[in-house]
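Chemist:
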Amino acid sequence: AFEVELAGSGRVLSVPADRTVLQVLEAAGVLVLSSCEEGTCGTCETGVLEGVPDHRDSVLTDAERAEGRSLMVCVSRSRTPRLVLDL
Ligand code: FES
225 AFEVELAGSG RVLSVPADRT VLQVLEAAGV LVLSSCEEGT CGTCETGVLE GVPDHRDSVL
285 TDAERAEGRS LMVCVSRSRT PRLVLDL
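Start counting the sequence shown at 225; every next residue gets the next number (UniProt numbering).
1) Could you tell me which of Ala287, Cys268, Asp310 and Asp281 sits nearest to Gln247, measuring between CA atoms?
2) How should Leu309 be labelled, buried or exposed, when 16 other C-beta atoms within 10 angstroms of its C-beta is the threshold for buried?
3) Between which residues of its own chain and Gly232 is the CB-CB distance below 7 Å, once the five residues before and five after are set aside?
4) Any idea what DSSP makes of Val245, helix, strand or coil?
5) Between Thr304, Val228, Leu295 and Ser294, which has its C-alpha nearest Ala252's C-alpha?
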């Protein structure tokens, strides 16, 4: 599990191993647009302000992956205990 912090509100949500960031955000009433939910369309791209994403999408380029400034919340996870999202 890891945590996501919403930069705008300071809310911190826990993302368990069996749920996606998108599912956790939706359950918390945080609106993030999504479509494919398979990491292929790019609709759910969300900015990352702190922390290191574990990218599992097929949208970002290698350079964008290395930069780690955004992630697809429908599939990607975190390499650090917390990600601060630009939400
Ligand atoms: Fe398509 Fe996340 S909803 S990449």
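Even for Gly, the Cβ is constructed at its ideal location relative to N, Cα and C.
Modeler: So, from the data block:
1) Scanning Ala287, Cys268, Asp310 and Asp281 for the CA closest to the CA of Gln247 turns up Cys268.
2) The C-beta of Leu309 has 16 or more other C-beta atoms within 10 Å across all chains shown, which makes the residue buried.
3) Excluding positions up to five away in sequence, the list reads Leu311.
4) Three-state DSSP puts Val245 in a helix.
5) Across the set Thr304, Val228, Leu295 and Ser294, the C-alpha of Val228 shows the shortest separation from the C-alpha of Ala252.
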